[in-house]
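See structure below.
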Amino acid sequence: MSVHAQSRGVEASTLLGTTCPPRATGALRWSRFLPATEAEGPGRRAAVWVQGCRVHCPGCFNPQMWAPRGGTLTDADEISERWVAAARAAGSTGITLLGGEPFDQALLLAPVAAAFQAAGLSVMAFSGYTFEHLTRWAEGRDDIAALLASTDLLCDGPFLRALPDTRRPWIGSTNQSIRALTSAHADEVRRVDAEGRGDTLEVRVGADGIVHVNGWASDAALAALFYDLGVRADRPQERVA
Ligand code: SF4
274 MSVHAQSRGV EASTLLGTTC PPRATGALRW SRFLPATEAE GPGRRAAVWV
324 QGCRVHCPGC FNPQMWAPRG GTLTDADEIS ERWVAAARAA GSTGITLLGG
374 EPFDQALLLA PVAAAFQAAG LSVMAFSGYT FEHLTRWAEG RDDIAALLAS
424 TDLLCDGPFL RALPDTRRPW IGSTNQSIRA LTSAHADEVR RVDAEGRGDT
474 LEVRVGADGI VHVNGWASDA ALAALFYDLG VRADRPQERV A
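Here the sequence shown is numbered in the numbering used here, starting from 274 and rising by one per residue.
Structural data, given as structure tokens:
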């Protein structure tokens, strides 16, 4: 790809994530929950991938989580207790919200995040919206304000494939930021910004033989890993828990 074509791609991508999402109501729609992972944030953490994303970054690694259908529908207050208990039992020190787009379901994820903080566990969130947009929208939207208020560590901004970030962990492109919104992970964020740190890719093989991959790696590393694995199986299918 030429430099010119790359910069045009970046310009077109500056509109990604600039429209405030509508307020989500009803049940939380999520795709996957892990009680413990070491690839989705600092230390050992639970992680929940929500189903549905309005940002649509070209090159997103989870396009099967864009659709606002499929996944599991659950009452947010009820699932919070179960996820906190599962995270604690697995020795996790926090939860990471990713997807999918957590702030598209801010009203439903805010109580989940608050439950983790109340239990003394930290909350990390990924968003394709920038912090600047989120804070501006939060002035008129108590759901976005509530989720921001219950987030300790935020990775924000759309994924721009033309700007790969190989220095910092967790994120995919250099336009994205890693922000400590509280003191919970402020030292780690400072260290990562100053020294960088490689990406982590975690591969889990379930008892059913299904291979789950999470974390972050280069396109080439993922292509090599996926070469023999065949078609991905995590297509949206609706369940009610
Ligand atoms: S915000 Fe995240 S889930 Fe949504 S399209 Fe971008 S990279 Fe994919």
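Even for Gly, the Cβ is constructed at its ideal location relative to N, Cα and C. Computed from a prediction, not measured in an experiment: that's the story for all the values here.
For the stretch 297 to 359, the full-length beta strand (DSSP E) segments reaching 3 residues or more read 301 to 310, 318 to 323 and 345 to 347 along the chain.
Of the heavy atoms belonging to ligand 1, none sits nearer than 7 Å to the Cβ of residue 448.
The three-state reading of DSSP puts residue 475 in strand, counting E and B together.
Residue pairing from DSSP places residue 487 in a beta bridge opposite 475. By a beta-carbon distance limit of 8 Å, residue 301 contacts residue 381. Their separation comes to about 4 Å. Looking at the DSSP output, residue 452 bridges to 427.
Counting along the chain, residue 433 sits inside no alpha helix (DSSP H), nor does DSSP assign it H or E at all. At least one heavy atom of ligand 1 lies closer than 7 Å to the C-beta of residue 432. In this structure, residue 425 sits near residue 395, with a CB-CB distance shorter than 8 Å.
Under DSSP, residue 294 takes part in no beta bridge, so it has no partner. Of the residues assessed, residue 427 falls on the buried side of the cut-off, its CB having 16 or more other CB atoms within 10 angstroms.
Annotation for residue 440: 469 place their beta carbon closer than 6 Å to its own, counting only its chain and skipping 5 residues before and after. Look at residue 289 here: in three-state DSSP terms it is coil, with no helix or strand label. Under DSSP, residue 368 takes part in a beta bridge, and its partners are 319 and 396.
Per the coordinates, the alpha-carbon of residue 330 lies some 20 Å from the alpha-carbon of residue 305. By the neighbour-count definition (other C-beta atoms within 10 Å, threshold 16), residue 315 is a buried residue. Taking a 10 Å sphere around the C-beta of residue 318, we find 16 or more other C-beta atoms and assign the residue as buried.
Residue 365 places its beta carbon 8 Å or farther from that of residue 385. For residue 406, the enclosing alpha helix (DSSP H) starts and ends at 404 to 411.
In the structure shown, residue 512 falls within a strand segment according to DSSP collapsed to helix, strand and coil. In the same chain as residue 350, and ignoring 5 residues on each side of it, the C-beta atoms closer than 6 Å to its own belong to 384, in chain order. DSSP places residue 442 outside both helix and strand once states are collapsed to three, so it counts as coil. At a Cβ-Cβ threshold of 8 Å, residue 325 and residue 309 do not count as neighbours. Note that the C-beta distance between residue 466 and residue 449 is not below 8 Å.
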